[in-house]
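Residue numbers for the sequence shown follow our numbering, beginning at 229 and rising by one.
Where is the CB? At the ideal position from N, CA and C, for every residue including glycine.
Since we're looking at a predicted model, the values are computed, not measured.
One structure below.
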Amino acid sequence: MFSYWEKKHFFDYGLIVVGSGFVGLSTAIHYKKKNPLANVLVLERGVFPSGASTKNAGFACFGSLTEILSDLNSMTEDEVLALVERRYKGLNSIRTQFGDSILGYSPSYGYELLENSQQGALDEMKYVNELLRPLFNDDVFSLLGNPGAMGFSSQIKWIVKNEFEGELDPGKYLSALWKLAQEFQIRILTGVTVTEIKHKEGMVAGEGGGGKEILEFKSDKIAICTNAFTNKLLPDTAIQPGRGLILLSEPLGFSIPWRGTFHMDEGYVYFRQVEERLLLGGARNKDFKNEETTEFAVNPKIKLYLEKLANEVIFPGEKVVWETEWTGIMAFGKIKSPIIRHLEGKTAVGVRLGGMGVAIGWQVGRELSGLLSEM
Ligand SMILES: Cc1cc2nc3c(=O)[nH]c(=O)nc-3n(C[C@H](O)[C@H](O)[C@H](O)COP(=O)(O)OP(=O)(O)OC[C@H]3O[C@@H](n4cnc5c(N)ncnc54)[C@H](O)[C@@H]3O)c2cc1C
Numbered sequence: 229m230f231s232y233w234e235k236k237h238f239f240d241y242g243l244i245v246v247g248s249g250f251v252g253l254s255t256a257i258h259y260k261k262k263n264p265l266a267n268v269l270v271l272e273r274g275v276f277p278s279g280a281s282t283k284n285a286g287f288a289c290f291g292s293l294t295e296i297l298s299d300l301n302s303m304t305e306d307e308v309l310a311l312v313e314r315r316y317k318g319l320n321s322i323r324t325q326f327g328d329s330i331l332g333y334s335p336s337y338g339y340e341l342l343e344n345s346q347q348g349a350l351d352e353m354k355y356v357n358e359l360l361r362p363l364f365n366d367d368v369f370s371l372l373g374n375p376g377a378m379g380f381s382s383q384i385k386w387i388v389k390n391e392f393e394g395e396l397d398p399g400k401y402l403s404a405l406w407k408l409a410q411e412f413q414i415r416i417l418t419g420v421t422v423t424e425i426k427h428k429e430g431m432v433a434g435e436g437g438g439g440k441e442i443l444e445f446k447s448d449k450i451a452i453c454t455n456a457f458t459n460k461l462l463p464d465t466a467i468q469p470g471r472g473l474i475l476l477s478e479p480l481g482f483s484i485p486w487r488g489t490f491h492m493d494e495g496y497v498y499f500r501q502v503e504e505r506l507l508l509g510g511a512r513n514k515d516f517k518n519e520e521t522t523e524f525a526v527n528p529k530i531k532l533y534l535e536k537l538a539n540e541v542i543f544p545g546e547k548v549v550w551e552t553e554w555t556g557i558m559a560f561g562k563i564k565s566p567i568i569r570h571l572e573g574k575t576a577v578g579v580r581l582g583g584m585g586v587a588i589g590w591q592v593g594r595e596l597s598g599l600l601s602e603m
C-alpha cells in the first residue's frame, strides 16, 4: 500500500535503467549528462550490484597474445583490431574520467605464462605486434628475458609481457560510479527485482521489500543492463551465462617475486597480487558445460584445479592458504561484441560484456545512452 506522496513522487521517470553494474550506471550517467532535466532511476535487485561488476578480478586488460591469436581463428584481422581498440580506448576513457588513484589503477603491465606446447604463439608474436601497431604505435608484446626470476615452476617456459595493461580495484571503480550518479541526482533503488517490462507502455514491474511489495513504475525510456541475467526478462536474447570463480589467499607471509596481471591458457586463467595475497581465478574452460549457469556456487572441480595451480606452478613448494572465495556471472555470445540495440517500444538493451567489462562497460553505457536519447 503506497501513500499519496509515494505515488506522486516515486513511480514516474524519464529513464529507468534495470541493473546497476558498470553498464547500468554508465548508461544512467551518460543519459543524464545529455538530458539534464530527465528524472533517472536505476533499479537493482541486490543490495550491491549482484552480477559481475563487483565480483571481477580488476584486470585492466584487452587480450593476451594467445587470446588474440585464438580470436584470429574465428574473426577477421579488422574485427580483432576493432575489438582490441574498443577495450583499450575504454580503459583510457575511465582513467581520464575518474583518475588512476580513484580507480586504484596501477600500470603494472600484463604477463602471459606459456608452456612448451605453446611455442607456436611466440612465432606469431611479431605478426600480432604488427597488427596492433596502428593502435599502439609500438610493440605490445615482448618476450621476458629471464622467466625463472619470477619463481614459477619449470613448466613455464616463456613469459610474454604486455606493455599496456594494468590493474584496478573494482570496488573503487563502482564507488566512483555511485558518486558520480549521486552528483547527477540519479536515484538508485536496491533490493528491487524487475519481473516484467511492457515495452510499448513503458511499464516496469518489480518486487521489493523481500518480494512483499509489488511495484509498478512508468518511464518514457527503459534501458536493460542485466548482462548475464537478461534471459529472465527477455528470453530470446543471444546470451550464454558463464560463471567465474575467484580464490583469494591469506597474506602469503613470503615476498612475491612478481607484480602485475598474469594470464595463462588463452586468458581463461588469471592471477595477480592483492595486498600481499594471491588472487587467482578463472578456469571455466575446465568444465564449460557446468559453468554455463547463473547460479552463484563454487564448482569443486575448478577450485581443485586452481588450488593445484597455486601450489605447483605459481608458488611451487609453498602451501597457499585461502582466505575467501566467490563467484560472479558473465555473459557471452557466439561473437565477442556486446549487444547494444533498440529492442521495441520504449526499451533498449546494453548487455553481453564477456570477460572485459572493466574495459568496455563505461563505453557501452555511453553508446546505449546515445541510442536512448535518439529514440
Ligand atoms: C569472476 C569474474 C572475473 C572477471 N574479471 C574481469 C577482469 O579482470 N577484467 C574485466 O575487464 N572484466 C572482468 N570480468 C567481467 C566484468 O566484470 C563484466 O564484463 C562486467 O562487470 C559486466 O558489467 P554489467 O554491468 O554488464 O553486468 P553486471 O555487473 O552483471 O550487472 C548487471 C546487474 O543487473 C542486476 N540485475 C539482473 N537482473 C535484474 C533484475 N531482474 N532486476 C534488477 N536488477 C537485475 C544484477 O544484480 C547486476 O547487478 C570478470 C567477471 C567475473 C564474473
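query                                                                                                                   : result
Closer than 7 Å: threonine 454 CB and nearest ligand 1 heavy atom                                                       : yes
Threonine 521 and arginine 580 closer than 8 Å at C-beta                                                                : no
Asparagine 284 Cβ short of 7 Å to ligand 1 heavy atom set                                                               : yes
Selection from Trp406, Gln413, Lys440 that minimises the alpha carbon distance to threonine 421                         : Lys440
Beta bridge counterpart(s) of tryptophan 554 as assigned by DSSP                                                        : Ile474
Given proline 469 as reference, the closest of Ser248, Phe560, Leu461, Lys547 once Cα atoms are compared                : Phe560
N-terminal and C-terminal residue of the alpha helix (DSSP H) that asparagine 320 is part of                            : 305-326
Coil, strand or helix - lysine 564 by DSSP                                                                              : coil
CB-CB length for leucine 405 against leucine 253, believed under 8 Å                                                    : 4 Å
Cβ-heavy atom distance, glycine 439 to ligand 1, below 7 Å                                                              : no
Boundaries of the alpha helix (DSSP H) in which alanine 409 is found, first to last residue                             : 398-411
Bridge partner(s) assigned by DSSP for tryptophan 386                                                                   : Leu342
Simplified DSSP assignment, three categories, for leucine 462                                                           : coil
Proximity test, glutamate 272 beta-carbon vs ligand 1 heavy atom, cut-off 7 Å                                           : yes
Cβ shell of leucine 402 (< 7 Å), same chain only, five flanking positions each side left out                            : Pro277, Ser281, Thr282
Cβ-heavy atom distance, lysine 460 to ligand 1, below 7 Å                                                               : yes
Reduced DSSP category for phenylalanine 543 - H, G, I as helix; E, B as strand; rest coil                               : coil
DSSP state of leucine 537 mapped onto helix, strand, coil                                                               : helix
Close-in-space but distant-in-sequence residues of the same chain around alanine 288 (CB under 7 Å, 5 per side omitted) : Leu319, Tyr333, Glu393, Gly394, Glu395, Leu396, Val586, Ala587
Alanine 451 Cβ short of 7 Å to ligand 1 heavy atom set                                                                  : no
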